[in-house]
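Down below is the structure, laid out as structure tokens.
Residue numbers (full-length UniProt numbering), protein chains in the order written: chain A, 1 to 271; chain B, 1 to 271.
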């Protein structure tokens with residue numbers, strides 16, 4: 001029988017789910033049935049959550065687990081009335097921090113998830129617009145780019161750029177290495193002088209062929225041979241030019257993003 | 001003097017930073033200087049981290065705070081040698097969970113951050129491509145859309161759609177309400193029959209005028225009067241048709257995203 005887990009939050013539930021997921025993956029082999037309950041921000045909603053938790057218990061016969069980021073102690077108390085195993089994400093850290101800092105925390109609901117910051121929001125939106133305007137080599141000017149991703153067609157450049165923009169507010173451009181570019185013995189003209197901002201994206205030939213086949217089945221473009229040649233040429237280019245390379249085959253967008261930040265020496269935070 | 005905080009992780013550091021940020025915002029008024037240290041995944045890197053932590057202490061005269069998601073106890077021990085206030089994000093929850101589940105957790109490094117899941121990755125990439133192909137009303141078919149965002153030009157549709165795609169793997173399309181659409185007494189033809197999947201995006205007229213002025217300064221398009229008229233017409237349309245409305249002026253992309261999921265009755269998790 002699956003063990004039911006609820007990620008309960010007075011806001012979006014993203015923090016509860018992020019940490020909850022990290023904790024649960026340390027118990028491999030246990031079958032979890034996870035549910036997110038966002039915006040549990042008043043007593044009525046907390047009571048409704050309790051009803052749901054109890055009904056999961058009755059249905060499965062197993063005590064549910066609640067991973068809770070509600071800051072308001074009243075809400076946590078109501079949730080505790082469900083009898084579930086309560087894991088309060090913030091509680092263990094408040095005491096030690098209050099002691100260290102010599103101040104009491106503020107118990108404002110929603111505070112934990114940050115007040116809306118218009119400047120940061122705009123930076124993300126601006127960066128996203130930049131990424132769209134500089135996708136696939138569209139706009140030839142890279143003077144404002146924080147980074148330029150290069151790689152063969154369908155190697156994962158666009159989603160990575162959009163992620164860097166939406167999350168970090170970074171101006172991420174990308175340039176597709178065409179077969180013509182790959183026959184040259186040097187960096188394409190537009191990329192020269194940009195080496196510090198260049199990142200190469202690679203992928204396995206088999207995976208690339210699969211992705212390309214969805215776009216143009218049975219084409220030379222999608223053949224494993226063509227993919228293999230393009231990728232080998234691109235890898236040569238990256239090596240020759242000393243460009244950092246990231247492989248999107250077995251790496252999540254988050255990991256690629258963090259690696260790019262680390263290489264750029266940026267400790268910029270999630271916006 | 002600022003209190004230095006390090007978010008230390010054996011992987012991307014996103015979990016450490018997410019929870020760390022949530023905890024720190026509960027101590028409003030304290031001036032924190034935060035740094036992310038990702039990929040601290042061996043003893044050498046942990047010792048290098050300790051050097052950095054100690055030098056921050058020497059520089060500021062204040063004991064640094066370390067928010068740590070390293071799963072490997074050996075690494076946590078090395079980090080603890082810095083003398084900083086150590087807040088181990090996972091530790092408080094492992095004991096209660098082991099007791100509840102009757103199994104020991106696996107102490108594999110990197111496990112906490114999830115193994116790479118190719119199927120989920122593909123769903124995100126596919127959804128991102130879908131969002132790009134269905135941006136700004138480009139592709140007229142909405143038959144595969146999970147949701148369709150509608151709103152006047154520059155109300156924030158595109159970044160929201162990209163976020164829904166990248167995070168939740170949802171096929172998010174968007175349709176711009178033109179002044180011509182807004183003069184009609186009914187939903188634009190292409191949107192009829194889609195009501196369950198429609199979400200209206202709104203924004204204040206002042207903010208919209210500001211955003212539009214960046215694109216076309218001193219235009220009728222960017223005038224507050226024109227913005228006010230379009231927004232009022234759009235709000236009328238949303239009300240008349242019973243379409244859920246989200247305001248992007250004071251709401252983060254994350255909150256808008258979570259609200260859309262809740263309205264759609266989707267408990268889909270972060271991918």
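Glycine included, every Cβ here is placed at the ideal spot set by N, Cα and C.
None of the values given here were measured: they were computed from a predicted structure.
Residue i burial status per 10 Å Cβ neighbour count (16 or more: buried)
i	result
residue 51 of chain A	exposed
residue 141 of chain A	exposed
residue 245 of chain A	exposed
residue 255 of chain A	buried
residue 112 of chain A	Reliability of the predicted coordinates at residue 112 of chain A is poor, the pLDDT of 43 falling under 50, and the value obtained from them is presented with this limitation in mind. Residue 112 of chain A is buried by the Cβ-count criterion.
residue 64 of chain A	buried
residue 225 of chain A	exposed
residue 172 of chain B	buried
residue 134 of chain A	buried
residue 104 of chain A	exposed
residue 9 of chain B	buried
residue 215 of chain A	exposed
residue 231 of chain A	buried
residue 235 of chain A	exposed
residue 74 of chain A	exposed
residue 183 of chain A	exposed
residue 115 of chain B	The predicted position of residue 115 of chain B is uncertain, since its pLDDT is 45 and thus under 50; a value taken from the coordinates is nonetheless stated next. By the 10 Å Cβ count, residue 115 of chain B comes out exposed.
Contact test: residue i Cβ vs the ligand GTP heavy atom, cutoff 8 Å
i	result
residue 191 of chain A	Absent from the structure shown: the ligand GTP. Ligands present: none.
Beta-carbon separation (whole angstroms), residue i vs residue j, contact threshold 8 Å
i	j	result
residue 67 of chain A	residue 89 of chain A	6 Å
residue 204 of chain B	residue 249 of chain B	5 Å
residue 174 of chain B	residue 144 of chain B	The Cβ separation is near 14 Å, so there is no contact.
residue 159 of chain B	residue 128 of chain A	5 Å
residue 5 of chain B	residue 25 of chain B	Actually they are not in contact, since the Cβ atoms of residue 5 of chain B and residue 25 of chain B sit about 12 Å apart, beyond 8 Å.
residue 253 of chain B	residue 191 of chain B	Incorrect: roughly 23 Å between the Cβ atoms, too far for contact.
residue 15 of chain A	residue 19 of chain B	6 Å
residue 200 of chain B	residue 243 of chain B	5 Å
Bridge-paired residues (DSSP) for residue i
i	result
residue 5 of chain A	A:34, A:65
residue 245 of chain B	B:200
residue 88 of chain B	B:68
residue 176 of chain A	A:151
Chain B within 9 Å of residue i, Cβ atoms only
i	result
residue 2 of chain A	no
residue 41 of chain A	no
residue 46 of chain A	no
residue 26 of chain A	yes
residue 262 of chain A	yes
residue 203 of chain A	no
residue 129 of chain A	yes
residue 252 of chain A	yes
residue 89 of chain A	yes
residue 152 of chain A	no
residue 74 of chain A	no
residue 124 of chain A	yes
Contact with chain D by residue i, beta-carbon distance below 9 Å
i	result
residue 212 of chain A	The displayed structure is made up of protein chains A and B, and chain D is not among them.
Interface flag, residue i vs chain A, CB-CB below 9 Å
i	result
residue 163 of chain B	yes
residue 105 of chain B	yes
residue 157 of chain B	no
residue 18 of chain B	yes
residue 176 of chain B	no
residue 121 of chain B	yes
residue 77 of chain B	no
residue 220 of chain B	no
residue 206 of chain B	no
residue 11 of chain B	yes
residue 179 of chain B	no
residue 38 of chain B	yes
residue 14 of chain B	yes
residue 92 of chain B	yes
residue 257 of chain B	yes
residue 63 of chain B	yes
residue 245 of chain B	no
The beta strand (DSSP E) enclosing residue i, as first and last residue numbers
i	result
residue 149 of chain A	147-152
Boundaries of the alpha helix (DSSP H) in which residue i is found, first to last residue
i	result
residue 170 of chain A	Neither: residue 170 of chain A is in no alpha helix (DSSP H) and is coded neither H nor E.
residue 143 of chain A	No alpha helix (DSSP H) contains residue 143 of chain A, which DSSP labels as neither H nor E.
residue 44 of chain B	43-60
residue 256 of chain A	253-264
residue 20 of chain B	14-24
residue 215 of chain B	205-215
residue 77 of chain B	73-80
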